[in-house]
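Quick note on the numbering used here: the sequence shown kicks off at 6 and runs consecutively. Below: the structure, in structure tokens.
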Amino acid sequence: MRLSRLSISNFRAVREFSIADIGSQPLMVMAGHNGVGKTSILDALAFLTFRSGIGKNPIGPHGDQAEVEASFTLNDHELQILDAECRERLGRPAERKNEYTRGIIIDNSRRRQKHSDEELKVAFSPEFRASHSFSEITLVGPSQIFNLKNSPTISLGTLFNPQATIKSHSGWNYPTRDTEGYLASLDYESMLAKREGREGEDAFAVISEQFRELTGQIILRPSSKRSAGSSYLSVALPDGNRHGLEGLSSGQRGVLGLLCLAHYLKTTGGIALLDEPEVHLHPSLQVPLMNHFRDLPSSSQVLAVTHSREIVAAFPPRCIIEVRRDSGKGNQAHRPAAPHGVSFAVGHEVAEGMLMDFQLVVEGKCDEDDLLLLFPNEISRAMLV
Numbered sequence: 006m007r008l009s010r011l012s013i014s015n016f017r018a019v020r021e022f023s024i025a026d027i028g029s030q031p032l033m034v035m036a037g038h039n040g041v042g043k044t045s046i047l048d049a050l051a052f053l054t055f056r057s058g059i060g061k062n063p064i065g066p067h068g069d070q071a072e073v074e075a076s077f078t079l080n081d082h083e084l085q086i087l088d089a090e091c092r093e094r095l096g097r098p099a100e101r102k103n104e105y106t107r108g109i110i111i112d113n114s115r116r117r118q119k120h121s122d123e124e125l126k127v128a129f130s131p132e133f134r135a136s137h138s139f140s141e142i143t144l145v146g147p148s149q150i151f152n153l154k155n156s157p158t159i160s161l162g163t164l165f166n167p168q169a170t171i172k173s174h175s176g177w178n179y180p181t182r183d184t185e186g187y188l189a190s191l192d193y194e195s196m197l198a199k200r201e202g203r204e205g206e207d208a209f210a211v212i213s214e215q216f217r218e219l220t221g222q223i224i225l226r227p228s229s230k231r232s233a234g235s236s237y238l239s240v241a242l243p244d245g246n247r248h249g250l251e252g253l254s255s256g257q258r259g260v261l262g263l264l265c266l267a268h269y270l271k272t273t274g275g276i277a278l279l280d281e282p283e284v285h286l287h288p289s290l291q292v293p294l295m296n297h298f299r300d301l302p303s304s305s306q307v308l309a310v311t312h313s314r315e316i317v318a319a320f321p322p323r324c325i326i327e328v329r330r331d332s333g334k335g336n337q338a339h340r341p342a343a344p345h346g347v348s349f350a351v352g353h354e355v356a357e358g359m360l361m362d363f364q365l366v367v368e369g370k371c372d373e374d375d376l377l378l379l380f381p382n383e384i385s386r387a388m389l390v
């Protein structure tokens, strides 16, 4: 399942936002200034598809109601599965469409007017999601990409039945919330495959190697704690020392969490909404990590909000959405036409300008240094030319 169209009106910080024709893209990146409503866009989509509660008042200051509408596409395999479910629950086959639409209008009294294709009602129902993860919408905030429990939980449900993992997460669908358990489950699955003579990818080894390429450290396979009756994962450092996953830095934890999430999406399908995935990551790691989401199958998609100019500059215009300030009229979503790797005539990248509040022309390097000393906060928001 992929998002193909999204329209939002007066939802929190968003006055008017509308995008279309994005179903062919496995990864869409949203950039813009602080306060333009980028996170509100992710919240609106999660709320529309039952992946988060309504929270604080969703109605913005530009009217007495908020409206969200989204359309989704299904590939042939997904439609076949949904068709069987519709025959059983609705007494009719699923209607074949180019896209399926769901919308909601909320007024000041929090009354909701919903309209939805019946196929999406079935696809987004808890019963269907319990066994078919391609209809899952996963909202992951900056501090939710990585978490550890006291000991790994070995569960093949993380591979084939995400609902088993969801239930253990108090109703929230964060596939990487128990990162250690997820890795332990991948190792267990590869062990079973080898014992039963089945061929297939050793996902644990793949993620461990990806982590080594990015950090120089190796995630070792689970070891047993006989005294505690449990198991644990450790990390081998370049100098030969070892420590547990809890010894990873915040940036290294972000790397491992994103690698696990990318694998999860490629394996099970679904849509991930990432809010500032670059938090805690060194700039040199941001683009290599996001590249893992470039080749997702047609059952998966990622929408990412970012303030990273490295990420914005690394992707072609078709993958970029600039969320502009509310001007009081018109659409806040802008699809840039120029490639982001090229430079302005003055030598600065388009991506840099999108993430700055204003441009400032200076005569030379000395002026730039003086301004940084005198006005550090203001100059940090400026593109110096």
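Built from N, CA and C at the ideal position, the CB exists for glycine as well.
Point to revise | For Leu-389, the three-state DSSP class (helix, strand or coil) | key: Under the three-state reduction of DSSP, Leu-389 is assigned to strand.
Review point. Is Thr-78 helix, strand or coil when you go by DSSP?
Key: Thr-78 falls in the strand class under three-state DSSP.
Exercise for review: Check whether the region 252-263 touches the region 111-123, taking contact to mean three or more Cβ pairs, one atom from each stretch, closer than 8 angstroms.
Suggested key: Counting C-beta pairs closer than 8 angstroms gives fewer than three between the region 252-263 and the region 111-123, which falls short of the contact rule.
Point to revise | Three-state secondary structure assigned by DSSP to Gly-256 | key: Here Gly-256 sits in helix by DSSP.
Check your understanding: Expressed to the nearest angstrom, what Euclidean distance is found between the alpha-carbon atoms of Val-390 and Gln-364?
Key -> Approximately 7 angstroms, taken between the alpha carbons.
Check your understanding: If we count Cβ pairs, one from each stretch, closer than 8 angstroms, do we get three or more for the region 299-309 versus the region 74-88?
Key -> Yes: at least three Cβ pairs fall under 8 angstroms.
Practice item. Compute the Euclidean distance between the alpha carbons of Ala-208 and Val-310, then round it to the nearest angstrom. Key: For Ala-208 and Val-310, the distance between alpha carbons rounds to 27 angstroms.
**Study point:** Contact set for Ala-18: own chain, Cβ-Cβ below 6 angstroms, skip 5 residues either direction
**Key:** Same-chain partners within the cutoff: Gly-42, Ser-45.
Review point. Thr-143 lies in the beta strand (DSSP E); which residues open and close that run?
Key: Start and end: 142-145.
Exercise for review: State yes or no: is the C-beta of His-82 nearer than 8 angstroms to some heavy atom of the ligand FAD?
Suggested key: The ligand FAD is not among the ligands present in this structure, which contains no ligands whatsoever.
Check your understanding: Buried or exposed: Gly-335, going by 16 or more other Cβ atoms within 10 Å of its Cβ?
Key -> It counts as exposed.
Review point. Under a three-way DSSP split, which group does Asp-300 fall into?
Key: The answer is coil: DSSP assigns Asp-300 none of H, G, I, E or B.
Review point. Closest to Asn-296 by CA distance: which of Ala-210, Leu-47, Glu-74, Glu-315 is it?
Key: Ranking Ala-210, Leu-47, Glu-74, Glu-315 by Cα distance to Asn-296 puts Glu-315 first.
**Study point:** For Ile-325, the first and last residue of its enclosing beta strand (DSSP E)
**Key:** Bounds of the beta strand (DSSP E) holding Ile-325 are 325-328.
Review point. In the structure shown, what three-state DSSP assignment does Gln-118 receive?
Key: Per DSSP, reduced to three states, the secondary structure at Gln-118 is strand.
Practice item. Identify, in the order they occur along the chain, each residue of the same chain with its Cβ nearer than 6 angstroms to the Cβ of Leu-376, setting aside the five sequence neighbours on each side. Key: Cβ within range, chain order: Ile-384.
Point to revise | Environment of Asp-112 [buried if 16+ CB atoms lie within 10 Å] | key: Residue burial is scored here from C-beta neighbours: Asp-112 has fewer than 16 other C-beta atoms within 10 angstroms and is therefore classed as exposed.
Point to revise | Where Val-307 falls, given that 16 or more other Cβ within 10 Å makes a residue buried | key: Under this definition Val-307 is a buried residue.
Review point. Which residues bound the beta strand (DSSP E) around Phe-16?
Key: Per DSSP, Phe-16 belongs to the beta strand (DSSP E) from 7-16.
Check your understanding: CA-CA distance, Arg-330 and Arg-107?
Key -> Distance between Arg-330 and Arg-107, taken at the CA atoms: about 26 angstroms.
Point to revise | Whole-angstrom C-beta distance between Leu-125 and Phe-298, which should lie under 8 angstroms | key: Actually they do not touch by this definition, with Cβ atoms about 24 angstroms apart.
Practice item. Say whether chain D places a C-beta atom closer than 9 angstroms to the C-beta of Asn-62. Key: Among the chains in the structure shown there is no chain D, since it carries only a single protein chain.
Exercise for review: Have a look at Ser-173 and Gly-186 and give me their C-alpha separation to the nearest angstrom.
Suggested key: Note that Ser-173 scores 35 on pLDDT, short of 50, meaning its location in the model is unreliable; the coordinates nonetheless yield the value given after this. Those two C-alpha atoms are separated by around 12 angstroms.
**Study point:** Identity of the residues DSSP links to Met-33 by a beta bridge
**Key:** Per DSSP, Leu-308.
Review point. Among all the DSSP beta bridges, which residues are the ones paired with Glu-21?
Key: DSSP, once it has assigned bridges, lists Ser-14 as partnering Glu-21.
Point to revise | Secondary structure of Thr-54, DSSP reduced to three states | key: If DSSP states are grouped into helix, strand and coil, Thr-54 belongs with coil.
Practice item. Leaving out five residues on either side along the sequence, give the residues of the same chain with a beta carbon under 7 angstroms from the beta carbon of Glu-394. Key: Only positions 6 to 390 of the chain appear in this structure, which leaves residue 394 out of reach.
Review point. Taking the alpha-carbon positions, what's the Pro-288 to Ala-319 distance?
Key: Roughly 12 angstroms between the two C-alpha positions.
Exercise for review: Please classify Gln-337: does DSSP put it in a helix, a strand, or coil?
Suggested key: Coil at Gln-337, not helix or strand.
**Study point:** Straight-line gap, Asn-15 to Ala-25 (C-alpha atoms, nearest Å)
**Key:** Asn-15 and Ala-25 have their C-alpha atoms spaced approximately 18 angstroms apart.
Point to revise | Of the residues Ala-210, Val-211, Glu-194, the one placed nearest Arg-203, counting alpha carbons only | key: Comparing alpha carbon positions, the residue from Ala-210, Val-211, Glu-194 closest to Arg-203 is Glu-194.
Review point. Using the rule of at least 16 other Cβ atoms within 10 Å of the residue's Cβ for burial, across every protein chain shown, is Pro-321 buried or exposed?
Key: Looking at its Cβ environment, which holds fewer than 16 other Cβ atoms inside 10 Å, Pro-321 is exposed.
Check your understanding: For the candidate residues Leu-279, Asp-372, Leu-8, whose alpha-carbon lies nearest to that of Leu-144?
Key -> Leu-144 has its Cα closest to that of Leu-279, out of Leu-279, Asp-372, Leu-8.
Review point. For Pro-282, which of Tyr-269, His-312, Asp-88 has the nearest alpha-carbon?
Key: Considering only Tyr-269, His-312, Asp-88, the residue with the shortest C-alpha distance to Pro-282 is His-312.
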